[in-house]
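Engineer: Structure provided below as structure tokens; questions to follow.
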Amino acid sequence: MNKFRFLDAKTLELSGISASIAGGCRPCLDYHFKKALEAGCTIDQVKEAIELGKMIKQRPVTDIYEQAEKLLKSAEK
């Protein structure tokens, strides 16, 4: 049973896919991938959810690399 009042099953499972990728949880991804297809999500929708998860996961990595570069530049002055 969906305990959310305003989000449908498709939206929840696509969100679950994105969150699973961002969190690096393989069993979670397996679960939400299967549930998304069962809820009627298209492969294109799943692909977009995967891309969103990748973008979310990459953001902190990009930020830390940028900070490392700033620190190096300030130390070289």
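Residue numbers (our numbering): 22 to 98.
Quick reminder that beta carbons are idealized off the backbone N, C-alpha and C, glycines included.
Rounded to whole angstroms, what's the CA-CA distance from residue 46 to residue 87? Just pull it up for me.
Structural biologist: In a straight line, the C-alpha of residue 46 is about 26 Å away from that of residue 87.
Engineer: Please tell me whether residue 77 and residue 30 are closer than 7 Å, where the distance is taken between their beta carbons.
Structural biologist: no
Engineer: Express the C-alpha separation of residue 52 and residue 38 in angstroms, rounding to a whole number.
Structural biologist: C-alpha of residue 38 to C-alpha of residue 52: approximately 9 Å in a straight line.
Engineer: Please classify residue 74: is it buried, with 16 or more other beta-carbons within 10 angstroms of its beta-carbon, or exposed?
Structural biologist: buried
Engineer: For the alpha helix (DSSP H) that residue 47 lies in, which residues bound it at each end?
Structural biologist: In this chain, the alpha helix (DSSP H) harbouring residue 47 covers 47–59.
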